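There are 2 protein chains.
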Amino acid sequence: MSTQTLFNVAVVGATGAVGEQILRLLEQRNFPIATIKLLSSARSAGKTIEFKGRQLTVEEATPESFRGVDIALFSAGGDVSKALIPHAVEHGAVCIDNTNAYRMDPETPLVVPEVNMDKISGHKGIIANPNCSTIQMVAALKPLYDRYGISRIIVSTYQAVSGAGSRAIDELQRQSQEVLSGNDVKPDMLPVSSLPVKHQIAFNVIPQIDKFQDNGFTLEEMKMIRETQKIMGDDSIEVTATCVRVPVVYGHSESVYVELKKDFDVQEIKSLLSDAPGIVLVDDPSTQQYPLATDAAGKNDVFVGRVRRDLSNPRALNMWIVSDNLLKGAAWNAVQIAEYIAIPQS
Amino acid sequence: MSTQTLFNVAVVGATGAVGEQILRLLEQRNFPIATIKLLSSARSAGKTIEFKGRQLTVEEATPESFRGVDIALFSAGGDVSKALIPHAVEHGAVCIDNTNAYRMDPETPLVVPEVNMDKISGHKGIIANPNCSTIQMVAALKPLYDRYGISRIIVSTYQAVSGAGSRAIDELQRQSQEVLSGNDVKPDMLPVSSLPVKHQIAFNVIPQIDKFQDNGFTLEEMKMIRETQKIMGDDSIEVTATCVRVPVVYGHSESVYVELKKDFDVQEIKSLLSDAPGIVLVDDPSTQQYPLATDAAGKNDVFVGRVRRDLSNPRALNMWIVSDNLLKGAAWNAVQIAEYIAIPQS
Chain S
1 MSTQTLFNVA
11 VVGATGAVGE
21 QILRLLEQRN
31 FPIATIKLLS
41 SARSAGKTIE
51 FKGRQLTVEE
61 ATPESFRGVD
71 IALFSAGGDV
81 SKALIPHAVE
91 HGAVCIDNTN
101 AYRMDPETPL
111 VVPEVNMDKI
121 SGHKGIIANP
131 NCSTIQMVAA
141 LKPLYDRYGI
151 SRIIVSTYQA
161 VSGAGSRAID
171 ELQRQSQEVL
181 SGNDVKPDML
191 PVSSLPVKHQ
201 IAFNVIPQID
211 KFQDNGFTLE
221 EMKMIRETQK
231 IMGDDSIEVT
241 ATCVRVPVVY
251 GHSESVYVEL
261 KKDFDVQEIK
271 SLLSDAPGIV
281 LVDDPSTQQY
291 PLATDAAGKN
301 DVFVGRVRRD
311 LSNPRALNMW
321 IVSDNLLKGA
331 AWNAVQIAEY
341 IAIPQS
Chain X
1 MSTQTLFNVA
11 VVGATGAVGE
21 QILRLLEQRN
31 FPIATIKLLS
41 SARSAGKTIE
51 FKGRQLTVEE
61 ATPESFRGVD
71 IALFSAGGDV
81 SKALIPHAVE
91 HGAVCIDNTN
101 AYRMDPETPL
111 VVPEVNMDKI
121 SGHKGIIANP
131 NCSTIQMVAA
141 LKPLYDRYGI
151 SRIIVSTYQA
161 VSGAGSRAID
171 ELQRQSQEVL
181 SGNDVKPDML
191 PVSSLPVKHQ
201 IAFNVIPQID
211 KFQDNGFTLE
221 EMKMIRETQK
231 IMGDDSIEVT
241 ATCVRVPVVY
251 GHSESVYVEL
261 KKDFDVQEIK
271 SLLSDAPGIV
281 LVDDPSTQQY
291 PLATDAAGKN
301 DVFVGRVRRD
311 LSNPRALNMW
321 IVSDNLLKGA
331 AWNAVQIAEY
341 IAIPQS
């Protein structure tokens with residue numbers, strides 16, 4: 001005989017690209033749900049979404065929406081999180097926040113379960129889900145960090161448009177068709193919808209994700225730097241990032257150079273990666289096997305390949321890390337955290 | 001009163017993506033041509049190409065084709081260069097080779113005019129044009145090298161499909177249309193046409209350009225490492241490269257991390273780049289201005305932006321370098337060399 005605790009769950013941003021994946025994963029994982037509430041902005045309220053065979057109506061998210069909610073998953077932008085999470089916490093909900101709002105708050109754990117699941121239990125009502133490009137990198141680097149220590153990371157990213165939401169997917173498809181048809185392209189939302197200048201993403205790459213900071217780095221690049229240090233719990237790790245949007249729909253790819261603190265053997269690195277939770281090693285140059293965004297799309301794992309020792313620094317190696325930015329980079333990482341809260345012994 | 005020496009010119013690979021650009025530039029630059037011979041494989045022989053308003057017939061390239069030729073520009077693949085250049089040299093032609101055939105030959109100068117034009121005069125009949133991804137990087141780094149010295153370069157590339165020839169452009173366009181139409185994609189030639197495994201390039205990125213070497217690097221990556229040292233004339237420069245094909249038609253982009261040997265000021269770096277020949281600084285975060293492949297396409301210059309000091313290493317900086325791979329990366333660099341030979345005092 002067994003009993004199962006069931007939870008009242010709220011999904012904020014239920015109609016967005018990440019919210020959609022969260023709902024799909026909650027179904028697929030058979031998450032122990034008593035009731036589920038789909039919340040959104042006023043604009044999307046009234047839409048219906050199918051969940052476990054039932055049509056659910058999306059409601060506008062308000063401070064009162066969280067009365068009786070046990071677990072709330074937020075992915076409706078930083079402003080919505082900042083406005084509503086304090087109310088949700090007051091109503092007793094544990095909030096898993098996909099936005100940048102609380103990530104660097106010293107009171108809020110920033111969690112990638114494969115790296116620092118132990119931090120979840122110290123939460124004060126909020127657990128932050130890291131930035132998509134950070135999650136896949138730290139998940140892949142954690143086994144190396146534990147074994148050798150890491151002194152320096154230099155990463156260049158190849159990030160999919162879905163990281164900028166459903167509208168950016170439409171934009172890429174529309175622009176691509178325009179170019180193929182020989183028409184002029186009128187960029188409408190990338191690189192940053194709230195900024196005045198727009199650039200073509202179809203058949204182009206844009207070296208800007210999020211706004212520029214005074215130091216010349218973008219906010220996305222600063223997220224990779226600061227979040228990596230916080231998740232690893234080691235501010236001594238030096239991180240440099242260049243974040244680039246590429247015309248890919250799903251799946252972020254990353255070219256990562258990493259300097260270790262101890263001597264290593266490449267085969268041992270590959271074994272560590274093969275054995276690591278959530279990591280799939282795809283690395284066989286002889287058969288041209290390496291991770292590809294198109295292969296990673298729709299999967300929860302982080303794929304690693306092109307592992308090779310640096311030719312000039314024997315303590316450094318290069319690798320190629322790919323994962324679906326909407327899944328491990330967002331929805332799956334959040335649902336993993338929710339599962340830990342629901343079933344902490346797992 | 002003045003006299004002008006006119007040259008008998010041969011273009012080998014005249015029907016290819018680079019050959020086409022060489023012909024356009026020879027016209028545009030009003031190169032001092034007495035006669036011009038368009039050469040190709042037997043397959044393309046017989047085609048006609050317009051040059052300065054006249055229809056020229058493409059002939060099959062044979063050892064005898066170079067009788068009487070003064071300057072021969074080769075861009076028909078390494079095997080063709082290896083087979084024909086010795087004959088062309090024997091016939092007295094100066095050969096400018098766009099392929100990998102002679103680049104690392106110690107007898108052959110490897111030239112980017114902005115970097116080491118002085119090496120041209122020492123040629124023994126062959127001058128090698130470097131790899132496209134190397135040319136734009138060394139052109140941008142040369143002013144920094146001269147002023148501060150360079151100890152280390154870590155580069156990740158975002159390379160256009162036109163680097164793999166006209167067929168790869170067709171492949172990207174065909175695949176893109178198939179994906180947009182919801183059809184299955186059947187990859188046909190990328191990443192390497194002569195290797196068995198093909199991967200989708202539309203809405204994807206492929207971390208393989210050219211064949212894998214035993215050390216886990218691809219030949220393209222090794223070209224960037226070795227050619228950079230040879231062109232700079234400094235084997236002490238440590239170079240690491242990860243070369244990636246992206247779904248862009250024209251224009252390679254590069255994320256470059258560079259460690260200098262001396263302290264520097266970022267504004268001084270920007271001034272050096274602004275003043276450097278062949279370099280255009282496009283770097284204004286406040287108005288979201290940085291180099292883009294779509295802006296570089298069709299232009300001869302190398303565009304540099306996103307120049308920023310590294311946050312953890314004060315002697316390092318990051319930059320974003322973009323250029324049209326068929327122009328400065330191939331045809332324009334070759335025509336610059338040809339101009340130097342024709343008019344050495346320029």
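Residue numbers (the UniProt record's numbering), protein chains in the order written: chain S, 1 to 346; chain X, 1 to 346. Note that beta-carbon positions come from the ideal geometry of N, C-alpha and C, so glycine has one too. Since this is a predicted model, take the numbers as computed values, not measurements.
| Asked | Found |
| --- | --- |
| Any C-beta of chain X under 9 Å from that of glutamine 136/S | no |
| Positions along the region 235-249 of chain X whose CB lies within less than 8 Å of some CB in chain S | Glu238, Val239, Thr240, Thr242, Val244, Val246, Pro247, Val248 and Val249 |
| Selection of the region 288-304 of chain S by Cβ proximity to chain X, strictly under 7 Å | Gln288, Tyr290, Leu292, Ala293 and Thr294 |
| Contact set for aspartate 295/S: own chain, Cβ-Cβ below 6 Å, skip 5 residues either direction | none |
| As assigned by DSSP and simplified to three states, the class of lysine 37/S | strand |
| Glutamine 208/S versus lysine 37/X: straight-line alpha-carbon distance, rounded | 45 Å |
| Alpha carbon of serine 346/X to alpha carbon of lysine 328/X, nearest angstrom | In this predicted model, serine 346/X has a pLDDT of only 45, less than 50, meaning its place in the structure is not dependable; the value taken from the coordinates is given anyway. One C-alpha to the other measures close to 18 Å. |
| Sequence-distant residues of the same chain with beta carbon closer than 7 Å to arginine 24/S, five excluded per side | none |
| Distance between beta carbons of glutamate 20/S and proline 130/S, contact taken as under 8 Å | Actually they do not touch by this definition, with Cβ atoms about 20 Å apart. |
| Residues that DSSP places opposite leucine 281/S in a beta bridge | Val304/S |
| Own chain partners of tyrosine 250/S with C-beta closer than 6 Å, once the 5 adjacent residues on each side are dropped | Ala160, Ser162, Ala297 and Asp324 |
| Chain S residues whose Cβ lies nearer than 8 Å to that of tyrosine 158/X | Tyr158, Val205, Val244 and Val246 |
| Contact check, proline 191/S vs valine 248/X, beta carbons under 9 Å | no |
| Three-state secondary structure assigned by DSSP to leucine 273/X | helix |
| Contact residues within the region 175-203 of chain S, judged by C-beta distance below 9 Å to chain X | Ser176, Gln177, Val179, Leu180, Val185, Pro191, Val192, Leu195, Pro196, Val197, Lys198, His199, Gln200, Ala202 and Phe203 |
| Local conformation of tyrosine 250/S per DSSP, three classes | coil |
| Glutamate 107/S in three-state terms, based on DSSP | coil |
| Which of helix, strand or coil DSSP assigns to alanine 342/S | helix |
| Chain-ordered residues of the region 305-329 of chain X with a beta carbon less than 8 Å from chain S | Gly305, Arg306, Val307, Arg308, Arg309, Asp310, Leu311, Ser312, Asn313, Ala316, Asn318 and Trp320 |
| Neighbour flag for asparagine 131/X against chain S, beta carbons, 9 Å | no |
| Any C-beta of chain S under 9 Å from that of alanine 17/X | no |
| Neighbouring residues, chain S, relative to asparagine 215/X (Cβ below 9 Å) | Arg308, Arg309 and Leu311 |
| Residues bridged to leucine 317/S (per DSSP) | Val258/S and Arg309/S |
| Length of the line joining the Cα atoms of alanine 45/X and valine 205/S | 37 Å |
| Contacts around leucine 272/S, its chain only, beta-carbon distance under 8 Å, and the 5 residues preceding and following it disregarded | Pro143, Leu144 and Arg147 |
| Residue closest to threonine 240/X, alpha-carbon to alpha-carbon, out of Phe303/S, Glu178/S and Ser156/S | Ser156/S |
| Per-residue DSSP class, three states only, for asparagine 116/X | helix |
| Cβ separation of asparagine 300/S and arginine 308/S, assumed to be a contact under 8 Å, to the nearest whole Å | Going by Cβ atoms, the distance from asparagine 300/S to arginine 308/S rounds to 26 Å, so no, they are not a contact pair. |
| Per-residue contacts from glutamine 208/X into chain S (C-beta, under 7 Å) | Gln288 and Tyr290 |
| Cβ contact (3+ pairs, closer than 8 Å) linking the region 65-79 of chain S and the region 7-15 of chain S | yes |
| Alpha carbon of leucine 6/X to alpha carbon of leucine 260/S, nearest angstrom | 59 Å |
| Environment of glycine 305/X [buried if 16+ CB atoms lie within 10 Å] | buried |
| Chain X within 9 Å of tyrosine 145/S, Cβ atoms only | no |
| Test: leucine 172/S CB closer than 9 Å to a CB of chain X | yes |
| Beta-carbon proximity check, tyrosine 257/X vs alanine 316/X, cutoff 9 Å | yes |
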